[in-house]
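Using our numbering, the first residue of the sequence shown is number 585, and each one after it goes up by one.
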Amino acid sequence: MPTGREEIWRFTPLKRLAGALDDAPTDEGAATYETTGPEEFFPGTLAVGQAPRGRALVPDDRASAVASSNTADALHVKVPADTILDEPLGLTVTGAAGRRSNAHYVVEAGAHSTFTFVLDHRGSGVHAGNLEVVVGDGADVTVVSVQDWDDDAVHVGTHEALVGRDARFKHVMISFGGSVVRVNANASYSGPGGEAELLGLYFADEGQHLEHRLFVDHDAPRTKSRVTYKGALQGDKAHTVWVGNVLIRKVAEGIDTYEENRNLVLTDGCQADSIPNLEIETGEIAGAGHASATARFDDEQLFYLRSRGVPEEEAQRLVVHGFFNDLIRKIGIPALEQKLMATVETELAKNVLKDVAL
585 MPTGREEIWR
595 FTPLKRLAGA
605 LDDAPTDEGA
615 ATYETTGPEE
625 FFPGTLAVGQ
635 APRGRALVPD
645 DRASAVASSN
655 TADALHVKVP
665 ADTILDEPLG
675 LTVTGAAGRR
685 SNAHYVVEAG
695 AHSTFTFVLD
705 HRGSGVHAGN
715 LEVVVGDGAD
725 VTVVSVQDWD
735 DDAVHVGTHE
745 ALVGRDARFK
755 HVMISFGGSV
765 VRVNANASYS
775 GPGGEAELLG
785 LYFADEGQHL
795 EHRLFVDHDA
805 PRTKSRVTYK
815 GALQGDKAHT
825 VWVGNVLIRK
835 VAEGIDTYEE
845 NRNLVLTDGC
855 QADSIPNLEI
865 ETGEIAGAGH
875 ASATARFDDE
885 QLFYLRSRGV
895 PEEEAQRLVV
905 HGFFNDLIRK
915 IGIPALEQKL
925 MATVETELAK
935 NVLKDVAL
């Protein structure tokens, strides 16, 4: 059990996790699970040690170990080789207030398959969940994880992807709800030529703690990664944490990587911690870099809009929309993009734009 002195736990408010790290079975009726899409792509469950469970994710911290050991049967999502799906597959997790749940999901993409999988978290309670994605050679997979919990929910999670030869993997993390949300998103490669794009969008309100930790392990040559996370904060004691780690191993020659995190502070009393890390073990690379910035509203942008007759509150709204817009459009799911823009409006109405008619 972590004490808070460990590097990977030093930002997390352990006292607020409400038993999420306890090695305990799932409470009866703690959560419901509803799948979306043809049943043929949900062939059943996987026990511990039953392939491909454990191929991408080997629990290496308290949260992932607890979720794995207390999930006897992991939901298996399997898309066969050369299959192209036009409509997303989905899983909606709805938690029950005052109850604790564990979960483990395995998404298996056959060679040269193309599809999108959406994992949507709703409701309340305490949830510890793992998601592992095995991306076959030449496949093109998008995974979207939405944390739209009620205000009192607690969520700890680990997402791990293994990207095959010449495959493409996009992971989108969207966090708006919950009292405490802490999710790790990791990617590694099983062959050369793989690409991983990790995108994230979060909006923290008063008292919320939203923490995202990422690790891209370039352990194969000629691989590529792009990490872009953007967040906004408003309200007293709103706290966000972003830790981005990229490791370029000695064998990973010719790789290209870049990670960035941008935070927009909308009110006083917020705290945004942003830590990019880059470790390089070989000089034979195509490119590597990182960037991090935390700032309030851009006075020049606001002045430009107000000088053209735009009221201050409306100008702030436009700036926030511009901040998130380019990232939202990279998701590639029109219905979800529209929903996110509406959610941003709702979040702004809570504090910054209370007097603006939306």
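Glycine is no exception: its CB is placed at the ideal position from the N, C-alpha and C atoms. It should be emphasised that the depicted structure is a prediction, and the values quoted were computed from it without experimental measurement.
Shown here, Ile-912 sits in a helix according to DSSP, grouped into three states. Within a 10 Å sphere around the beta-carbon of Ser-891 sit fewer than 16 other beta-carbons, which makes this residue exposed.
Counting C-beta pairs closer than 8 Å gives fewer than three between the segment 892-911 and the segment 868-877, which falls short of the contact rule. Exclusion of the five residues before and after Glu-779 leaves Arg-752, Lys-808 as the residues of its chain whose Cβ lies within less than 6 Å of its Cβ.
For Phe-595, the secondary structure class from DSSP, reduced to helix, strand or coil, is coil. Take the alpha-carbon of Gly-638 and the one of Arg-810: they are about 25 Å apart.
Excluding five sequence positions before and after Ile-668, the CB atoms of its chain that fall closer than 8 Å to its own CB belong to Ser-697, Thr-698, Phe-699, given in chain order.
Collapsing the DSSP output to three states places Ala-875 in a strand. The beta carbons of Ala-822 and Gly-791 sit closer together than 8 Å. Counting every other CB atom within 10 Å of its CB across the protein chains shown gives Asp-607 a total below 16, marking it as exposed. Listed in chain order, the non-local C-beta contacts of Val-903 below 7 Å within the same chain comprise Phe-881, Asp-882, Gln-885, Leu-886, local neighbours out to five positions each way being set aside. With contact defined as three or more Cβ pairs closer than 8 Å, the segment 793-804 and the segment 831-842 are in contact.
Here the C-alpha atom of Val-702 lies approximately 9 Å from the C-alpha atom of Thr-620.
Where Leu-886 is concerned, there is no enclosing beta strand (DSSP E), although the alpha helix (DSSP H) around it starts and stops at 883-890. The continuous stretches of alpha helix (DSSP H) do not include Pro-860, which lies in the beta strand (DSSP E) extending over residues 855-864.
Within the segment 765-807, the runs of beta strand (DSSP E) at least 3 residues long that lie entirely inside it are, in chain order, 779-788, 793-802. When DSSP states are grouped into helix, strand and coil, Lys-754 belongs to the strand group. In this structure Arg-646 is buried. Its beta-carbon is surrounded by 16 or more other beta-carbon atoms within 10 angstroms. The segment 610-627 and the segment 654-661 touch, with no fewer than 3 CB-CB distances between them shorter than 8 Å. Classified as buried, Ala-771 has 16 or more neighbouring CB atoms from the shown chains inside 10 Å of its CB. If you look at Gln-922, you'll find it in the alpha helix (DSSP H) that goes 918-934.
In the DSSP assignment, Thr-655 forms no beta bridge with any residue. Distance between Pro-672 and Gly-893, taken at the CA atoms: about 43 Å. Taking one beta carbon from each stretch, the segment 741-752 and the segment 678-685 have fewer than 3 pairs nearer than 8 Å; the two do not touch. Under the DSSP assignment, Phe-701 falls in the beta strand (DSSP E) whose first and last residues are 698-707.
In this structure, Val-717 places its C-beta atom within 8 Å of the C-beta atom of Val-691. The beta carbon of Ala-879 is closer than 8 Å to those of Asn-847, Leu-848, Val-849 in its chain, skipping five residues each way along the sequence.
Ranked by Cα distance from Phe-907, the options Gly-873, Leu-785, Val-765 are led by Leu-785. Secondary structure note for Glu-837: it is in no beta strand (DSSP E), with a DSSP letter that is neither H nor E.
Spanning the alpha carbons of Gly-828 and Trp-593 requires a straight line of approximately 14 Å. Look at Ser-648 here: in three-state DSSP terms it is helix.
Per DSSP, the continuous beta strand (DSSP E) segment holding Ala-615 begins and ends at 615-620. Bounds of any beta strand (DSSP E) do not take in Asp-852, whose DSSP letter is neither H nor E.
Around the beta carbon of Lys-934, fewer than 16 other beta carbons sit within 10 angstroms, so the residue counts as exposed. Closest in alpha carbon position to His-905, among Ala-856, Gly-819, Lys-814, is Lys-814. Separation of the CB atoms of Leu-924 and Ile-758 is rounded to 7 Å, and the pair is thereby assigned contact status at 8 Å.
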